[in-house]
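Everything below concerns the one structure shown next.
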Amino acid sequence: MRGEVVTVPGPVSPPFRRRRLGRKLRAMREQAHLTLDEAAERLEKTGLRG
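For the sequence shown, the positions run 1056 to 1105 when the working numbering is used.
Written as structure tokens, this is what we have:
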């Protein structure tokens, strides 16, 4: 083990988290067979959209 370089992952950056969340939300929307406009409309009706 001596002389080996070990890298430890640092904290995940906010932009990375946003991209990962975006991919997950898109996948869920596509599984539900919704367009982006349809999903936005549903969020507005539920009051969840800012």
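Note that the Cβ used here is the ideal one computed from N, Cα and C, for glycine as well.
As the structure is a prediction and not an experimental result, all values here were calculated from the model.
So, under 8 Å CB-CB, residue i and residue j are touching, yes? Tell me the CB distance rounded to an integer number of Å.
i, j, result
"Arg-1084", "Ala-1094", "5 Å"
Is the beta carbon of residue j closer than 9 Å to that of residue i?
i, j, result
"Arg-1097", "Leu-1089", "yes"
How long is the line joining the alpha carbons of residue i and residue j, rounded to whole angstroms?
i, j, result
"Thr-1082", "Arg-1073", "In the sequence on display, residue 1082 carries Ala and not Thr. Distance between the alpha carbons of Ala-1082 and Arg-1073 is about 14 Å."
"Val-1061", "Glu-1099", "48 Å"
"Leu-1080", "Glu-1059", "40 Å"
"Met-1066", "Leu-1103", "Here residue 1066 is Pro; the residue named in the question, Met, does not match the sequence. Approximately 29 Å between the Cα atoms of the pair."
"Arg-1075", "Thr-1101", "24 Å"
For the alpha helix (DSSP H) containing residue i, list its first residue and its last residue.
i, result
"Ala-1082", "1069 to 1086"
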